[in-house]
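Worksheet for the structure shown next.
Written out as structure tokens, the structure is:
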């Protein structure tokens with residue numbers, strides 16, 4: 001997929017990829033990165049009345065047309081590494097959904113690029129909601145971007161918004177904004193306990209100057225019983241962070257906590273390593289990734305510990321997902337891929353269980369198709385069959401590859417966390433925490 005193209009329609013049907021560029025829905029081309037959502041029809045067994053709108057009925061659509069939903073993802077910008085992982089997870093989910101189909105209908109996902117910025121996310125969401133008329137919106141990467149989309153575009157509409165990769169604590173204050181990844185509060189508590197258990201009573205913190213960085217850091221400070229020797233923000237996409245690193249070193253703290261993104265953290269690691277500074281590094285979820293390993297010297301992070309959202313890797317459905325992912329892409333998935341995969345599954349089941357393909361109807365089903373009251377199902381095929389056999393949204397409990405998806409009243413799910421340690425310039429799992 002051309003990552004520079006901000007308007008990409010992605011469709012997978014029975015495993016075959018078809019890609020149409022720049023909103024030209026009838027123009028196809030080959031695509032190697034697809035993002036499309038499982039389609040759905042209503043659970044009543046009717047031929048469906050969905051038309052891709054967010055509430056207005058365009059009666060010209062044929063009942064066999066695909067459902068269209070939207071996704072705002074980071075295809076470019078500082079969070080694009082997460083966006084790439086999302087698209088791979090989405091592609092696999094769409095294959096599974098459209099292999100089964102819902103009343104012989106597919107689902108198409110229109111993907112727009114947030115460019116990893118709030119304004120880019122707002123523009124992308126406005127296009128999807130106002131022009132394309134999608135009733136369901138997956139998005140976005142970055143808590144600030146997700147909140148900006150919700151407050152500027154989605155709030156006070158019937159459109160369902162489900163974020164794939166937002167852990168900022170402030171999202172809890174917006175119960176209409178759902179998210180698949182758990183709140184960062186559990187990360188902050190886990191980091192405070194981890195650093196304390198390692199024997200440190202003083203910490204220096206730097207965090208990215210946005211909602212994600214501020215909220216996780218505030219929660220850490222609230223949970224931390226020791227001293228805070230340094231606690232200051234930094235801006236994204238700076239050429240150098242030598243001033244920040246120097247001040248952390250001068251603070252005298254032996255434990256340094258980084259709440260930032262991969263590109264910014266890699267720059268900091270290089271500058272700390274070049275300066276010969278020695279400290280025990282800790283990090284929140286978004287400092288880890290291949291981009292960091294590839295752009296930092298071996299030995300520059302050994303011993304660092306990072307707390308990340310995690311999937312329940314011992315469960316059979318996750319292992320099947322991971323095996324399929326590795327066969328397709330030659331690498332293991334991350335938890336971010338799993339969250340994106342489950343966003344597609346949740347959307348598809350919500351559509352199938354709804355009486356009609358509108359935002360108002362999907363609001364009634366999106367939380368319930370993965371709620372704990374129903375019969376557990378670990379695949380789309382099994383969950384879809386429950387609905388096809390006459391079950392309603394409360395009769396199915398989809399168990400995601402990222403874990404149980406039981407949204408609470410604030411729109412937050414139960415989450416799993418994993419502790420990673422950098423060993424020989426690679427990430428090794430050393431423990432799990434259930435949030």
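In UniProt numbering, the protein residues as written are 1 to 435.
All C-beta atoms in this analysis are idealised placements derived from N, C-alpha and C, irrespective of residue type, glycine included.
As DSSP reads the structure, residue 202 sits in a beta bridge with 227.
Membership of residue 147 in the alpha helix (DSSP H) is indicated by the continuous run 143-149. Boundaries of the beta strand (DSSP E) harbouring residue 417: 416-422, taken from the DSSP string. Judged by pairs of C-beta atoms under 8 Å, the region 157-168 touches the region 358-367, as three or more such pairs exist. In the DSSP assignment, residue 255 falls within the unbroken beta strand (DSSP E) covering 255-259.
Beta-bridge partners assigned by DSSP to residue 377: 398. Boundaries around residue 318 are those of the alpha helix (DSSP H), 316-329, since no beta strand (DSSP E) includes it. Listed in chain order, the non-local C-beta contacts of residue 336 below 7 Å within the same chain comprise 82, 85, 86 and 165, local neighbours out to five positions each way being set aside. Runs of the alpha helix (DSSP H) lying entirely within the region 77-108, each at least 4 residues long, are 80-100 in chain order. The C-alpha of residue 193 lies about 8 Å from the C-alpha of residue 224. Its chain contains 245 as the residues whose beta carbon lies nearer than 6 Å to that of residue 272, once the 5 sequence neighbours on both sides are disregarded; these appear in chain order. No residue range can be given for residue 286, since it is assigned to no beta strand (DSSP E) and is classified by DSSP as neither H nor E. Closest in alpha carbon position to residue 207, among 93, 235 and 324, is 235.
Per the DSSP secondary-structure output, residue 72 pairs in a beta bridge with 112.
The region 411-423 and the region 309-325 touch, with three or more beta-carbon pairs separated by less than 8 Å. In its chain, beyond the 5 residues on either side, 374, 375, 377, 395 and 396 have a beta carbon closer than 8 Å to the beta carbon of residue 386.
Distance from the CA atom of residue 403 to the CA atom of residue 137, rounded to whole angstroms, is 21 Å. Every beta strand (DSSP E) stretch that sits fully inside the region 122-189 and reaches 3 residues is listed by chain position as 136-138, 160-163 and 177-179. Residue 251 is bridged by DSSP to nothing; it lacks a bridge partner. Looking at the DSSP output, residue 428 sits in a beta bridge with 421. For the pair residue 243 and residue 233, the Cα-to-Cα distance works out to about 12 Å. For residue 351, the uninterrupted alpha helix (DSSP H) segment begins and ends at 335-353. In the three-state reduction of the DSSP assignment, residue 214 falls in the helix class, which pools H, G and I. Going by C-alpha positions, residue 318 is about 43 Å away from residue 251. Around the Cβ of residue 183, a 10 Å sphere holds 16 or more other Cβ atoms; the residue is buried. Burial is judged here by how many other beta carbons sit within 10 angstroms of a residue's own beta carbon; residue 408 has fewer than 16 and is exposed. Boundaries of the alpha helix (DSSP H) harbouring residue 269: 262-275, taken from the DSSP string. Under DSSP, residue 310 forms a beta bridge with 416.
Here residue 96 has 380 as same chain residues with Cβ atoms under 6 Å from its own Cβ, once five neighbours each way along the sequence are excluded. Residue range 359-365 is occupied by the alpha helix (DSSP H) that includes residue 363.
With 16 or more other Cβ atoms from the protein chains shown falling within 10 Å of its own Cβ, residue 309 counts as buried. When only Cα atoms are considered, residue 329 and residue 195 end up about 35 Å apart.
Taking the C-beta atoms as reference points, residue 133 is found no nearer than 8 Å to residue 149. Within its own chain, the residues whose Cβ lies closer than 7 Å to the Cβ of residue 296, once the five positions on either side in sequence are excluded, are 266, 269 and 270, listed in chain order.
In the DSSP secondary-structure assignment, residue 404 is bridged to 399. Remark: C-beta atoms of residue 401 and residue 342 approach each other more closely than 8 Å.
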